[in-house]
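Novice:
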Amino acid sequence: MTDKNQAMTDTHYNFAYLDEQTKRMIRRALLKGLAIPGYQVPFASREMPMPYGWGTGGVQVSAAVLTPEDRMKVIDQGADDTTNAVSIRKFFERTAGVDTTERTAEATVIQTRHRIPETELTEDQILVYQVPIPEPLRFLEPRETETRKMHALEEYGLMHVKLYEDIARHGNIATAYAYPVKVEGRYVMDPSPIPKFDNPKMEMAAIQLFGAGREQRIYAVPPYTRVVSLDFEDYPFEPSKADHACDLCGAQNSYLDEVIVDDAGGRMFVCSDTDFCTTRRDGGHVGRLGAPGTEDAA
Amino acid sequence: MASQILDGGFSDVPVQSARAFRAALSAMARPGRVYDISGAMPPAPLSPAAGSLLLTLADPGTPVFLAGAHDTPELRAWLIFHTGVPIAPREEAAFAVGTWTELLPLEPYRKGTPEYPDRSATLIVEVATLAASGARLTGPGIETARMLSLPELEPFRRNAALFPRGLDFYFTAGARLAALPRTTKVEAA
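As they're listed, the protein sequences go chains G and F.
For the record, in the first sequence the residue sitting at position 178 is 177 according to numbering that gives the first Met the number 0, with numbers rising by one throughout.
For the record, in the second sequence the residue sitting at position 55 is 54 according to numbering that gives the first Met the number 0, with numbers rising by one throughout.
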């Protein structure tokens, strides 16, 4: 911990905000989550000093996982500089005194809302997802007693019917985000509302932890676990993205946000992962509308 | 004896338990890999690793079973003073600690239900050494295969066959630990 962070740390709070009893409860849930990949472990979610829907589940998981030696990164839809990401980063700077970074490669704990970083994660990293609705079957079956039974019996026919109806109605599987996955051949899991472009990245070297605060569920995927996006033989899963290159850094292979730039139909496509885009531009890559370096005003 | 009971806990609880938990989390996420875990200095025969694990995870909501030679008045008093756990028989335990032979048989421990497989016991097995040899482990958390010295193979095979129900194991030796969750497949190397 640096002196600077020590000075910024608010010592009126316990380390990482939560009390020790709460952290123990969350930690036990995390360990059972890792032991049963994809299974949703109930936990006694706490009120946090931010509203539900702003990442309270992810924040509680991060608080239970952080050590003083960690360097934390927080992203919201890939961006480090949005309100949600900035406020959560400041929260942990203040209550845990941890160093923070915007560089994916330098972070040890990354809390994310709805994206997986483009840069491949390593064994030394932990990815914490903020999850709004942890139950992939919830919109098909509203009763928790029933979905719990369906998971117990491995009865996932309803999900395949849903995907089939997508095909019957739209000609393809229209689900573009929160695309359901099967973990290690057993539990169907909601990967949180990440774009399906990110689904193949979930077989990674890092530890993936998921926290749903309002719904009081924690789940996890250990490194190198099989994560298969549900599909059909004749309609195989396809990760998709906008068919463009990034207008700032020229990347062909990153997930893009579409930005309307005027009222005459003008638009641009930019990397949703701001660190990935910045690193590429610092490295001299230039897109259609970009200028070299990070200081450009595209 | 009184001072032995009061001593040996974490001196800086939030920070030491955070570091100990990181070791426990990493071990459970990467079965068979050995991690350092320390902070607690419990009375014998409990190892510092097992002591640190219990101080990090156990509280009044988690009954603990002390197996065989681990069930001493000193250790009971130490655990209760530092964590407030109820001491319980095998059937009710959330955590059980002891040597492998003392912890057997595995049948009575809670293995969870089909709806709630997480409501299962975690066994902390005290071993003399942890070595990367003996059994070959595969499964989630392991890229190809990993080796770990295990006391036996068959009980872990039977446990894995219960998935998603089942027990999860930590092996502790001195200030080091490794984990074996129910997902790991074990075979003779």
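For every residue, glycine included, the Cβ atom is placed at its ideal position computed from N, Cα and C.
#1: Enumerate in chain order the residues of its own chain whose CB-to-CB distance from K240/G is below 7 Å, with the five nearest sequence positions on each side excluded.
#2: How many whole angstroms separate the CB atoms of R216/G and P50/G, which I take to be in contact at a CB cut-off of 8 Å?
#3: For S46/F, which residues in the same chain have their Cβ closer than 7 Å to its Cβ, ignoring the five residues on either side in sequence?
#4: Tell me which residues share the same chain as M71/G and place their Cβ nearer than 6 Å to its Cβ, disregarding the 5 neighbours each side in the sequence.
#5: Do V160/G and P190/G have their C-beta atoms closer together than 9 Å?
#6: Just checking my contact of K22/G with A62/G at CB under 8 Å: how many whole Å lie between their CB atoms?
#7: When you compare each of T94/G, V269/G, R137/G and A95/G to E214/G by their alpha carbons, which one comes out closest?
#8: Quick check: the stretch 98-116 of chain F against the stretch 9-26 of chain G, are at least 3 beta-carbon pairs closer than 8 Å?
#9: If you reduce the DSSP assignment to three classes, tell me which class P199/G lands in.
#10: Tell me which residues share the same chain as D75/G and place their Cβ nearer than 7 Å to its Cβ, disregarding the 5 neighbours each side in the sequence.
#11: Can you list, in chain order, the residues of the stretch 13-37 of chain F whose Cβ is nearer than 9 Å to any Cβ on chain G?
#12: Is the CB of T111/G under 9 Å away from at least one CB in chain F?
#13: Please determine, among G138/F, V33/F and A178/F, the residue with the shortest C-alpha to C-alpha distance to A160/F.
#14: D167/F versus chain G: which residues are under 8 Å apart at the beta carbon?
#15: Once you ignore the five residues that flank T146/G on each side, which residues in its own chain have a CB closer than 7 Å to its CB?
#16: Residues bridged to E257/G by DSSP?
#17: Per DSSP, what kind of secondary structure is I166/G in: helix, strand or coil?
#18: Would P44/F and H81/F qualify as a contact pair, given that the criterion is a beta-carbon distance under 9 Å?
#19: Helix or strand or just coil, what does DSSP make of E154/G?
#20: Taking A43/G as part of the alpha helix (DSSP H), name the residues at either end of that continuous run.
#21: Label Y16/G either buried or exposed according to how many other C-beta atoms from any shown protein chain fall within 10 Å of its C-beta, with 16 as the threshold for buried.
#22: Who does L111/G pair with in a DSSP beta bridge?
#23: Between P72/F and chain G, is there a C-beta pair that is closer than 9 Å?
#24: Buried or exposed: I125/G, going by 16 or more other Cβ atoms within 10 Å of its Cβ?
#25: Please classify N158/F: is it buried, with 16 or more other beta-carbons within 10 angstroms of its beta-carbon, or exposed?
#26: Can you give the beta carbon distance from Y218/G to F209/G, rounded, assuming they're within the 8 Å contact cut?
#27: For chain F, is any of its Cβ atoms less than 9 Å away from the one on Y51/G?
#28: If you draw a straight line from the C-alpha of I4/F to the C-alpha of S119/F, how long is it?
#29: Could you run through the stretch 61-76 of chain G and flag, in chain order, every residue whose CB is less than 9 Å away from some CB of chain F?
#30: Between the C-alpha atoms of Y178/G and A104/G, what's the straight-line distance to the nearest angstrom?
#31: For a contact defined as C-beta to C-beta under 8 Å, what are the partners of T224/G on chain F?
#32: Under the rule that 16 or more other beta-carbon atoms within 10 Å means buried, what is Q110/G, buried or exposed?
#33: Interface residues of chain F around P221/G at Cβ under 9 Å?
#34: G283/G: which of I115/G, L247/G, G52/G and Q39/G sits nearest, CA to CA?
#35: Count the other C-beta atoms from every protein chain shown that fall within 10 angstroms of the C-beta of E183/G, then say buried if there are 16 or more, exposed otherwise.
Specialist: Put simply:
#1: Translated into the one-based positions of the first sequence, residue 240/G becomes position 241. Cβ neighbours of K240/G beyond the five flanking positions: F196, Y254 and L255.
#2: Against the first sequence, residue 216/G aligns to sequence position 217. Against the first sequence, residue 50/G aligns to sequence position 51. Going by Cβ atoms, the distance from R216/G to P50/G rounds to 18 Å, so no, they are not a contact pair.
#3: The residue you call residue 46/F lines up with position 47 of the second sequence. These residues qualify, in order along the chain: E125, T171, A172 and G173.
#4: Sequence index remark: in the first sequence, residue 71/G carries index 72 (1-based). For M71/G, where only same-chain residues beyond five positions count, the Cβ hits under 6 Å are F91, V97, T99 and V108.
#5: If you number the first sequence from 1, residue 160/G lands on position 161. If you number the first sequence from 1, residue 190/G lands on position 191. Cβ distance not < 9 Å, so V160/G and P190/G don't count as in contact.
#6: As a working note, residue 22/G is residue 23 in the first sequence. As a working note, residue 62/G is residue 63 in the first sequence. Sure, about 7 Å apart at Cβ, within 8 Å.
#7: Counted from its first residue, the first sequence places residue 214/G at position 215. Measuring from the Cα of E214/G, the nearest candidate turns out to be R137/G.
#8: no
#9: What you label residue 199/G is simply residue 200 of the first sequence in a count that begins at 1. P199/G: helix per DSSP, three-state reduction.
#10: Stepping through the first sequence from its first residue, residue 75/G is reached at position 76. So the qualifying residues of the chain are T81, N83, A84 and R112.
#11: P13, V14, S16, A17, R18, F20, R21, A23, L24, S25, M27, A28, R29 and P30
#12: Taking the first residue of the first sequence as 1, we reach residue 111/G at position 112. Taking Cβ atoms only, chain F never reaches closer than 9 Å to T111/G, which makes this a no.
#13: Counted from its first residue, the second sequence places residue 160/F at position 161. Of the candidates G138/F, V33/F and A178/F, the one whose C-alpha sits nearest the C-alpha of A160/F is G138/F.
#14: Taking the second sequence and counting its residues from 1, one reaches residue 167/F at position 168. Correct list: L30, K31 and A34.
#15: Residue mapping note: residue 146/G aligns to position 147 of the first sequence, counting from 1. Excluding its 5 nearest sequence neighbours in each direction, T146/G has C-beta neighbours in its own chain below 7 Å: E134, L136, R137 and E140, listed in chain order.
#16: Here residue 257/G corresponds to residue number 258 of the first sequence, with the count starting at 1. Bridge partners of E257/G: F268/G.
#17: Position 167 of the first sequence, counted from the first residue, corresponds to residue 166/G. It is helical.
#18: By 1-based counting over the second sequence, the position of residue 44/F is 45. By 1-based counting over the second sequence, the position of residue 81/F is 82. H81/F is positioned such that its CB atom lies no closer than 9 Å to that of P44/F.
#19: Residue mapping note: residue 154/G aligns to position 155 of the first sequence, counting from 1. Reduced to three states, the DSSP call for E154/G is coil.
#20: Taking the first residue of the first sequence as 1, we reach residue 43/G at position 44. No alpha helix (DSSP H) holds A43/G; DSSP gives it neither H nor E.
#21: Here residue 16/G refers to the residue found at position 17 of the first sequence. Looking at its Cβ environment, which holds 16 or more other Cβ atoms inside 10 Å, Y16/G is buried.
#22: Counting from 1 along the first sequence, the entry for residue 111/G is found at position 112. It should be pointed out that residue 111/G corresponds to Thr in this sequence rather than to Leu. According to DSSP, which records beta bridges pairwise, T111/G is partnered with I74/G and Y128/G.
#23: Indexing the second sequence from 1 puts residue 72/F at position 73. So, not an interface residue.
#24: Residue numbering aside, residue 125/G sits at position 126 when the first sequence is read from its first letter. Classification for I125/G: buried.
#25: By 1-based counting over the second sequence, the position of residue 158/F is 159. So N158/F ends up on the buried side.
#26: Indexing the first sequence from 1 puts residue 218/G at position 219. Indexing the first sequence from 1 puts residue 209/G at position 210. Sure, about 5 Å apart at Cβ, within 8 Å.
#27: Position 52 of the first sequence, counting from 1, holds the residue named residue 51/G. Not one chain F Cβ lies under 9 Å of Y51/G.
#28: As a working note, residue 4/F is residue 5 in the second sequence. As a working note, residue 119/F is residue 120 in the second sequence. Taking the straight line from one Cα to the other gives about 29 Å.
#29: A63, V64, L65, T66, P67, E68 and D69
#30: The sequence position of residue 178/G within the first sequence is 179, counting from 1. The sequence position of residue 104/G within the first sequence is 105, counting from 1. Each residue's Cα considered, the two are about 26 Å apart.
#31: Here residue 224/G is taken as the residue at index 225 of the first sequence, counted from 1. The answer, in chain order, is P139 and G140.
#32: Mapped onto the first sequence, residue 110/G falls at position 111. So Q110/G counts as buried.
#33: Here residue 221/G refers to the residue found at position 222 when the first sequence is read from its first residue. Chain-order list of chain F residues neighbouring P221/G: M27, A28, R29, P30, G138, P139, G140, I141, P180 and T182, by C-beta distance under 9 Å.
#34: Position 284 of the first sequence holds residue 283/G. Ranking I115/G, L247/G, G52/G and Q39/G by Cα distance to G283/G puts L247/G first.
#35: Here residue 183/G refers to the residue found at position 184 of the first sequence. By the 10 Å Cβ count, E183/G comes out buried.
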